[in-house]
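By the UniProt record's numbering, the letter at position 70 of the sequence shown is numbered 70, and the numbering carries on one by one without gaps. Built from N, CA and C at the ideal position, the CB exists for glycine as well.
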Amino acid sequence: MAPLFKIALIQFEPKPVDVEANFAYAAAALRDAAAAGARLAVLPEYHLTSWVPDHPDFVAACAASGAYLPRYQALAKELDLCIAPGTIVEAHAVTDAATDAVDAADATKTLVTVADAAHGPFELRNMAYCLAAGTGAVLGRYQKTNLWHPERPHLVAPTAASAVGWPPHTAFDLPWTWPASGDNDNKGGRPVRAGLLVCWDLAFPEAFRALVADGADLIIVSSFWHPTTDVDAVALAHNPDCEVLFLRSALTARAYENTCAVAFCNACGLSQLAQPLVGGRGEVAPGTNATSLVDLDLDLLAVAEGNYRVRADMRRPGWHYAHTLAVPGGTKTAKTEAAAKAAD
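#1: Leaving out five residues before and five after LEU113 in sequence, what residues of the same chain have Cβ atoms less than 7 angstroms from its Cβ?
#2: Let me make sure I understand the geometry here. Which of THR145, TYR321, LEU298 and SER223 has the alpha-carbon closest to that of GLN275?
#3: Whose CA, out of PHE122, ILE220, PHE208 and LEU270, lies closest to the CA of GLU257?
#4: Counting only runs of 4+ residues fully inside the stretch 100-175, write out the alpha helix (DSSP H) ranges in chain order.
#5: Please classify PHE5: does DSSP put it in a helix, a strand, or coil?
#6: Go ahead and label GLU13 buried or exposed: buried means 16 or more other beta carbons lie within 10 angstroms of its beta carbon, across all protein chains shown.
#7: Looking at C-alpha atoms only, which residue of ASP201, ARG39, GLY269 and ASP214 is the closest neighbour of TRP176?
#8: Look up ARG311 in the DSSP assignment and say whether it is helix, strand or coil.
#9: Are ALA216 and CYS260 close, meaning C-beta to C-beta below 8 angstroms?
#10: How would you label ASP80, buried or exposed, when you count the other beta carbons within 10 angstroms and need 16 or more for buried?
#11: Which residues mark the beginning and the end of the alpha helix (DSSP H) in which ARG248 is found?
#12: Could you tell me which whole alpha helix (DSSP H) segments of length 4 or greater appear in the stretch 197-239?
#13: Should PRO153 be labelled buried (16 or more other beta-carbon atoms within 10 Å of its own) or exposed?
#14: With a threshold of 7 angstroms, establish whether the CB of ARG39 neighbours any heavy atom of the ligand FAD.
#15: Between the Cα of ALA255 and those of GLN272, GLU243 and TYR72, spot the shortest distance and give me the residue it belongs to.
#16: Can you tell which of ASP57, ALA29, ALA118 and LEU30 has its C-alpha closest to the C-alpha of VAL19?
#17: Nearest to ALA161 by CA position, among PRO44, ARG125, ALA35 and ILE10, is which residue?
#18: Helix, strand or coil for PRO317? Go by DSSP, reduced to three states.
#19: Measure the C-alpha to C-alpha separation of VAL59 and GLN11 and round it to an integer number of angstroms.
#20: According to DSSP, is ALA98 helix, strand or coil?
#21: Are the CB atoms of CYS82 and ALA33 nearer to each other than 8 angstroms?
#22: Taking the straight line between their C-alpha atoms, what separation do you get for ASP173 and PRO191?
#23: Going along the chain, which unbroken runs of the beta strand (DSSP E) with 3 or more residues stay wholly within the stretch 27-84?
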């Protein structure tokens, strides 16, 4: 039997642009999660600032938010807890691929201060991280790629410059291990791998497929998705619960079609851990500030893969559709070459 890994989904609606108060709430919830035995805690998207881009203090709050990543790193070290601190909207200097200083060792070199942001130029990046228990080291870093259309006037998607050292949709190892007995995907003894996505990425199966192709077992999705106000009255007239249906359906589908787990933490409700065979567990009601503790069961992933063989098919070069073809022109990339060998 595979071990269970307890995940804390810390759902709360942040106070607009009140960065310190929101951090204080998050820090207290993280301490409670660690005391309850959680191995990973996930916070929502925009958890420090809320999403109020037209607020006169929004840009200043984003510029101030960049200083909070080290504070979460300190908590991950102190609490011996892996932390995915939702997203932090950071203000960065506008650079190009040749001069961008962001790399695996230091993701803060292009951050601008509140004073700098008042003079520009700068860009706002919606950043997700995963921090290692016991050390606070950055295990994974991701800039939101698929921006929801109201975000596009305010935020930037990743570029070759901003993604230096951390290309989008790249998985990483968690400090957890599959049991040595092995399973249907030859996972025995290897680290559990994870990936980061954000909110509207949920609507793009390709983003999940890319992470799963890189070995992700768990995909962490922080979100600020309101189940009643993110669509117009015409959509709600057809079904007032259409967004609830969207979220529950998409989360379960992504878990099933990738034989992975999806840890979804949404500021506005329906936070849950979706796993194949059982669907969503630990769902938190909309409008509720609460932490849900849910067990990630690796056995569910192994049994699902044994039945559906999704990952095995993904490793076969002849399986891919044209828009996901990983072997363009018959030339294998390093990743697909390794995957093909693993399938042999």
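Concretely, from the data shown:
#1: The question names Leu, but residue 113 is Thr in the sequence shown. The residues are ALA63.
#2: LEU298
#3: PHE208
#4: If we require 4 residues or more, the alpha helix (DSSP H) runs fully inside the stretch 100-175 come out as 114-117.
#5: strand
#6: buried
#7: ARG39
#8: helix
#9: yes
#10: exposed
#11: 242-258
#12: 205-213 and 233-238
#13: Exposed, since its Cβ has fewer than 16 Cβ neighbours within 10 Å.
#14: Looking at this structure, you won't find the ligand FAD or any other ligand, since it has none at all.
#15: GLN272
#16: ASP57
#17: ARG125
#18: helix
#19: 24 angstroms
#20: The predicted model places ALA98 with a pLDDT of 49, which falls under 50 and marks its position as unreliable; any figure quoted below should be read in that light. Residue state, collapsed to three classes: coil.
#21: Cβ atoms of CYS82 and ALA33: not closer than 8 angstroms.
#22: 6 angstroms
#23: 40-42 and 82-84
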